[in-house]
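Trainee: Take 0 as the starting number for the sequence shown in numbering that gives the first Met the number 0 and just add one per residue.
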Amino acid sequence: MNQELTSVVDHFNPETPMAVEFRRLVSRLQYKRADTPMSPILLTSAQHSEGKTTTASFLAVTLAHQSDKSVAIVDLDLHRPRIHHMFGLPLKNGCTELIQGAGDAESVSKPTGLPNLSVVTAGTMVRSPASLFEPELIEQLLKKLTARFDVVLLDSPPLLPVSDTMVIAPLAASVLYVVMAGKTPRDVVIRGRELLEDVNAKLTGVVLNNSKGVLPYYYNYKYYGYSN
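Written out as structure tokens, the structure is:
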């Protein structure tokens, strides 16, 4: 581990407006999934640069702070992995190894500054990430992760550029759809929603980034305004 790299764990301040919004997001997730499993939780977006990785990272830290449950954040964006940067960790030995059977959930998980928060990075880059997204392989991956951790957060690729998330989404217990306020066109948001609906994803809500300068803001999906 490169000790010179900084981590979101070190920069998390529970007194900031952003931290308050993440606690609200956790509360809404727990309320919405009170009678059914909440995990694994998938975070995705319609396109790149909407803040899904940042949202996933701070959500993981918030979950770890708020309970003693074991939490893992998993980088399944094998095309443009970013979780290792967010936590100041090496990229190798992560999801690609776990999918290919070259390790178990314990051996590929990396510690953070929080005792109950682990990171599973994307792992060694492969020539064709899409080849790893076979339903059976992803299902086995999630079984390994959920058997080891109480709460699993999945940072997946954006919906429109690649099809990987279409394999993951139906297997997640909760899906959060991240949208950048003032940037993502309405038709793009709608198209991403339609793709999730096509695979019967359990769309729990929308996280609207940069709403009035506060990151993020959670909307119950049916009240977001794009449901019709």
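For each residue, glycine too, the CB sits at the ideal point set by N, CA and C.
(1) If you reduce the DSSP assignment to three classes, tell me which class Gly100 lands in.
(2) Among Lys109, Asn209 and Asn199, which one has its Cα closest to the Cα of Val70?
(3) Give, in chain order, every unbroken run of the beta strand (DSSP E) that is at least 3 residues long and sits entirely within the stretch 165-192.
(4) Along the chain, where does the alpha helix (DSSP H) that runs through Ala59 open and close?
(5) For Asp74, list the residues DSSP reports as bridge partners.
(6) Does the beta-carbon of Pro13 have 16 or more other beta-carbons within 10 angstroms, so that it is buried, or is it exposed?
(7) When you compare the CB positions of Thr95 and Ala121, do they come within less than 8 angstroms of one another, or not?
(8) Among Lys182, Val166, Pro184 and Lys201, which one has its Cα closest to the Cα of Leu175?
(9) Is the separation between the beta-carbon of Lys51 and that of Leu58 shorter than 8 angstroms?
(10) Distance, Cα to Cα, Glu133 vs Thr145?
(11) When DSSP labels each residue in this structure, what does Pro89 get in the three-state scheme?
(12) How about the stretch 189-200 and the stretch 82-89: do they share at least three Cβ pairs that are nearer than 8 angstroms?
(13) Return the residue from the list Leu90, Pro160 and Ala101 that minimises the CA-CA distance to Val73.
(14) If you reduce the DSSP assignment to three classes, tell me which class Ser117 lands in.
(15) To which residues does DSSP link Lys109 through a beta bridge?
(16) Return the first residue and the last residue of the beta strand (DSSP E) that Val8 is part of.
(17) Residues in its own chain within less than 8 angstroms of Ser106 by CB, not counting five upstream and five downstream?
(18) Among Leu75, Pro39 and Leu207, whose alpha-carbon lies nearest the alpha-carbon of Ile98?
(19) At the level of alpha carbons, what is the spacing between Met179 and Ser173?
(20) Give me the Cβ distance between Ala55 and Pro157, rounded to the nearest whole Å; I'm assuming they're in contact under 8 angstroms.
(21) Is the beta carbon of Val166 sitting closer than 8 angstroms to the one on Ile189?
(22) Run the CB neighbour count on Ala63, radius 10 Å, all protein chains shown included, and call it buried at 16 or more, exposed below.
(23) Once DSSP output is grouped into helix, strand and coil, what is the label at Val205?
Mentor: Put simply:
(1) coil
(2) Lys109
(3) 173-179
(4) Lys51 to Gln65
(5) Asp154
(6) exposed
(7) yes
(8) Lys201
(9) no
(10) 18 angstroms
(11) coil
(12) no
(13) Leu90
(14) strand
(15) Val118
(16) No beta strand (DSSP E) contains Val8, which is instead part of the alpha helix (DSSP H) from Val7 to His10.
(17) Asn92
(18) Leu75
(19) 20 angstroms
(20) The pair is not a contact, with the Cβ atoms about 13 angstroms apart (cut-off 8 angstroms).
(21) no
(22) buried
(23) strand
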